[in-house]
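Chemist: Line by line, the protein sequences are chains A and B. Take 0 as the starting number for the first sequence in numbering that gives the first Met the number 0 and just add one per residue. Take 0 as the starting number for the second sequence in numbering that gives the first Met the number 0 and just add one per residue. Think of the CB as a built atom: it goes at the ideal place given N, C-alpha and C, for glycine as much as any other residue. Quick caveat: nothing in here was measured; it's all calculated off a predicted structure.
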Amino acid sequence: MNQASIETGSALAIAPFATTLAKNKISLTRDKTTTLQINIGFLCNQNCRHCHVEAGPKSDKIMDAQTADAVADFAEAGGFSTADITGGAPEMNPNLSHLIEKLAPSVSKIIVRSNLTAISNGKWDGLMEIFQEHKVTITASLPSLNKSQTDAQRGSGVYEKSLAVLKKLNGEGYGIEGTGLELNFVSNPAGAFLPPSQASLETRFRSDLKRKFGIKFNNLYTFANAPLGRFETWLKDSGAYGKYMDRLVREFNPCSVGGLMCRYLVSISWEGYLYDCDFNLACDLPLAGRKIHVSEMTGPPAPGSPIVVGDHCYTCCAGAGFT
Amino acid sequence: METYYDPKDLPKFGEIGKDAPELAKKFFEYYNAVFAEGELTEREKSLIALGVAHAVQCPYCIDAYTQACLEKGSNTEEMTEAVHVAAAIRGGASLIHGLQMRKVSDKLSL
Ligand code: SF4
Chain A
0 MNQASIETGS
10 ALAIAPFATT
20 LAKNKISLTR
30 DKTTTLQINI
40 GFLCNQNCRH
50 CHVEAGPKSD
60 KIMDAQTADA
70 VADFAEAGGF
80 STADITGGAP
90 EMNPNLSHLI
100 EKLAPSVSKI
110 IVRSNLTAIS
120 NGKWDGLMEI
130 FQEHKVTITA
140 SLPSLNKSQT
150 DAQRGSGVYE
160 KSLAVLKKLN
170 GEGYGIEGTG
180 LELNFVSNPA
190 GAFLPPSQAS
200 LETRFRSDLK
210 RKFGIKFNNL
220 YTFANAPLGR
230 FETWLKDSGA
240 YGKYMDRLVR
250 EFNPCSVGGL
260 MCRYLVSISW
270 EGYLYDCDFN
280 LACDLPLAGR
290 KIHVSEMTGP
300 PAPGSPIVVG
310 DHCYTCCAGA
320 GFT
Chain B
0 METYYDPKDL
10 PKFGEIGKDA
20 PELAKKFFEY
30 YNAVFAEGEL
40 TEREKSLIAL
50 GVAHAVQCPY
60 CIDAYTQACL
70 EKGSNTEEMT
80 EAVHVAAAIR
90 GGASLIHGLQ
100 MRKVSDKLSL
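The following block contains the structure:
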């Protein structure tokens, strides 16, 4: 190990992801694209330490109304079934309501990714009305049922605030059977380790949240942290990068490739450019290797077209796969 | 500096089967069966393993089961409590032998 690799904890020789695919005789190509993921900007009230897009309160990278309209036109032309709105904190983009209203006639499901704290910052009334009207699914980040782990990842006080907002969401009908208002969780590990199995964590979240706080929800999804953005910086600064990458590579599961999200979704950046997924967006690896603006698109990318990959793709193919 | 313990040896555990493959196969099959979800969850078993790792003071097991506990969804508070369970049993086991000492002493003393 040389001096530089000791300092960053960098992995010794990691086989490039493309080489691993080739060795396993896998060609990663698109299936039918059914989900339109829209990253409406990197403005966020939080500064989470694992954030792969390095969102934060000072970012001025947010989608404007004109781009939002172009995205909605693409949704109409593209025959997508789902629109998945992410960020940053989507609630902080003043065009969010407008975008939801324009997307609603074109897709059967709209998801908004929420960090649970941005929505409580004076945005509640206006947004809740629109969310309920269009039966928007809220996919909320909650890494752990433990205060220290949650606050270590997302910032001091976030755990308590999140629980308060979850109770309020239940009060509005979110996560409650029969209302059609879906409340899901995404749990990312609070460190350089892989998440538990989705089923076991969902069972524990369901029983503990109900028993301790009376909180209900629909589904929980676990995701591994991608070695990108702020998480990559932390991995390197803490010397954990090499061990983490080695772990991801060792856990490579060829069977996970068929179900990868990038086969079924296309991501659009705040500026309106297309990517195969939000991780490629974070490290600026555009779809088909060149910047294509949403306004140039007449339909979704064709099935069979190749997907751009990088070493962060090991994250989605580890173990049972996280996608 | 050379040391008896090297973290890089941990992933090589399987190499123990080189000169006794049948025994290793039996051991690892048994090992994997022990840690599979049963009446106890995998998470609970990892916490027990972490406690035992501290009782037997095995640095390999402490490394492996700290990671395993985190990956099964446990947190540092729970893991610290598991280590205290190991410490209490170890401490208690020493202390209860004090009764032997007292019996022997009683026999020997006026
Ligand atoms: S992870 Fe989400 S909530 Fe946290 S800083 Fe990034 S965008 Fe904001």
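(1) Just the C-alpha distance for residue 58 of chain A and residue 281 of chain A, rounded to the nearest angstrom, thanks.
(2) Residues of chain B with CB under 8 Å from residue 193 of chain A, in chain order?
(3) What residues in its chain sit with their C-beta under 8 Å from that of residue 16 of chain B, if we drop five residues either side in the sequence?
(4) Residue 88 of chain A: beta carbon under 7 Å from a heavy atom of ligand 1?
(5) Could you spell out the range, first to last residue, of the beta strand (DSSP E) harbouring residue 35 of chain A?
(6) Within the same chain, show all residues whose beta-carbon is closer than 7 Å to that of residue 68 of chain B, passing over the 5 residues directly before and after it, in chain order.
(7) What residues in its chain sit with their C-beta under 6 Å from that of residue 180 of chain A, if we drop five residues either side in the sequence?
(8) For residue 108 of chain A, does the three-state DSSP call read helix, strand or coil?
(9) With distances taken from CA atoms, which of A:96, A:114, A:242 and A:144 is nearest residue 124 of chain A?
(10) What's the gap between the Cα of residue 305 of chain A and the Cα of residue 275 of chain A?
(11) For residue 410 of chain A, which residues in chain B fall below 8 Å Cβ to Cβ?
(12) Strictly by DSSP, which residues pair up with residue 274 of chain A?
(13) Taking any Cβ of chain B, which residues in the region 140-163 of chain A have a Cβ under 7 Å from it, in chain order?
(14) Quick check: is any heavy atom of ligand 1 less than 7 Å from the C-beta of residue 45 of chain A?
(15) Tell me whether residue 226 of chain A sits in a helix, a strand or coil according to DSSP, three-state version.
(16) The beta strand (DSSP E) that contains residue 40 of chain B, what's its start and end?
(17) Under 8 Å, Cβ to Cβ, is there at least one residue of chain A near residue 92 of chain B?
(18) Relative to the alpha-carbon of residue 195 of chain A, which residue among B:54, B:70 and B:32 has its alpha-carbon at the smallest distance?
(19) What first and last residue would you give for the beta strand (DSSP E) that runs through residue 220 of chain A?
(20) What does residue 190 of chain A reach in chain B if we use C-beta pairs closer than 8 Å?
(21) Candidates A:143, A:226, A:83 and A:92: which alpha carbon is nearest residue 313 of chain A's?
(22) For residue 112 of chain A, which residues in the same chain have their Cβ closer than 6 Å to its Cβ, ignoring the five residues on either side in sequence?
(23) Between residue 42 of chain B and chain A, is any beta-carbon pair separated by less than 8 Å?
(24) For residue 253 of chain A, which residues in the same chain have their Cβ closer than 7 Å to its Cβ, ignoring the five residues on either side in sequence?
(25) In chain order, what residues of the same chain lie with their CB nearer than 7 Å to the CB of residue 10 of chain A, ignoring the 5 residues before and after it?
(26) To the nearest angstrom, how far is the alpha carbon of residue 175 of chain A from that of residue 149 of chain A?
(27) I need the boundaries of the alpha helix (DSSP H) containing residue 139 of chain A, first residue and last residue.
Modeler: According to the data block:
(1) Stepping through the first sequence from its first residue, residue 58 of chain A is reached at position 59. Stepping through the first sequence from its first residue, residue 281 of chain A is reached at position 282. C-alpha separation (whole angstroms): 14 Å.
(2) By one-based count along the first sequence, residue 193 of chain A stands at place 194. Chain B residues near residue 193 of chain A: 70.
(3) Counting from one through the second sequence, the residue named residue 16 of chain B turns up at place 17. 22, 23, 24 and 27.
(4) For the purposes of this step, residue 88 of chain A is identified with residue 89 of the first sequence, where counting begins at 1. True, at least one ligand heavy atom lies under 7 Å from that Cβ.
(5) For the purposes of this step, residue 35 of chain A is identified with residue 36 of the first sequence, where counting begins at 1. 34-38 is the span of the beta strand (DSSP E), which, as asked, contains residue 35 of chain A.
(6) In the second sequence, counting from the first residue as 1, residue 68 of chain B sits at position 69. 45, 46, 49 and 78.
(7) For the purposes of this step, residue 180 of chain A is taken as the residue at position 181 of the first sequence. Result list for residue 180 of chain A: 172 and 173, in chain order.
(8) Here residue 108 of chain A refers to the residue found at position 109 of the first sequence. Looking at residue 108 of chain A - three-state DSSP - the assignment turns out to be strand.
(9) For the purposes of this step, residue 124 of chain A is taken as the residue at position 125 of the first sequence. Of the candidates A:96, A:114, A:242 and A:144, the one whose C-alpha sits nearest the C-alpha of residue 124 of chain A is A:96.
(10) Counting from one through the first sequence, the residue named residue 305 of chain A turns up at place 306. Counting from one through the first sequence, the residue named residue 275 of chain A turns up at place 276. Roughly 9 Å between the two C-alpha positions.
(11) With chain A running from 0 to 322 in the structure shown, residue 410 of chain A is simply not present.
(12) For the purposes of this step, residue 274 of chain A is taken as residue 275 along the first sequence, with counting starting at 1. DSSP output for residue 274 of chain A lists A:266 and A:285 as bridge partner(s).
(13) 143, 145, 147 and 148
(14) Looking up residue 45 of chain A in the first sequence gives position 46. True, at least one ligand heavy atom lies under 7 Å from that Cβ.
(15) Here the question's residue 226 of chain A lines up with position 227 in the first sequence. It is coil, neither helix nor strand.
(16) Counting from one through the second sequence, the residue named residue 40 of chain B turns up at place 41. From DSSP, residue 40 of chain B is part of no beta strand (DSSP E); its letter is neither H nor E.
(17) Stepping through the second sequence from its first residue, residue 92 of chain B is reached at position 93. Taking Cβ atoms only, chain A never reaches closer than 8 Å to residue 92 of chain B, which makes this a no.
(18) Walking along the first sequence from the start, residue 195 of chain A turns up at place 196. The shortest C-alpha separation from residue 195 of chain A is found at B:70.
(19) For the purposes of this step, residue 220 of chain A is identified with residue 221 of the first sequence, where counting begins at 1. The continuous beta strand (DSSP E) containing residue 220 of chain A extends over residues 219-221.
(20) As a working note, residue 190 of chain A is residue 191 in the first sequence. Per Cβ cutoff of 8 Å: 69.
(21) In the first sequence, the residue the question calls residue 313 of chain A occupies position 314. The shortest Cα separation from residue 313 of chain A among A:143, A:226, A:83 and A:92 belongs to A:226.
(22) For the purposes of this step, residue 112 of chain A is taken as the residue at position 113 of the first sequence. The answer, listed in chain order, is 85 and 138.
(23) Counting from 1 along the second sequence, the entry for residue 42 of chain B is found at position 43. True, the Cβ-Cβ gap to chain A drops below 8 Å.
(24) For the purposes of this step, residue 253 of chain A is taken as the residue at position 254 of the first sequence. Closer than 7 Å at the Cβ level, and outside the excluded window around residue 253 of chain A, lie 23 and 25.
(25) One-based indexing of the first sequence puts residue 10 of chain A at position 11. Any reading at residue 10 of chain A must be qualified, since the residue scores a pLDDT of 49, below 50, and its modelled position is unreliable; the value itself is stated next. Closer than 7 Å at Cβ, skipping near neighbours: 240, 241, 244 and 245.
(26) One-based indexing of the first sequence puts residue 175 of chain A at position 176. One-based indexing of the first sequence puts residue 149 of chain A at position 150. Cα-Cα distance, rounded: 24 Å.
(27) Here residue 139 of chain A refers to the residue found at position 140 when the first sequence is read from its first residue. Unbroken run through residue 139 of chain A is the beta strand (DSSP E), 136-140; no alpha helix (DSSP H).
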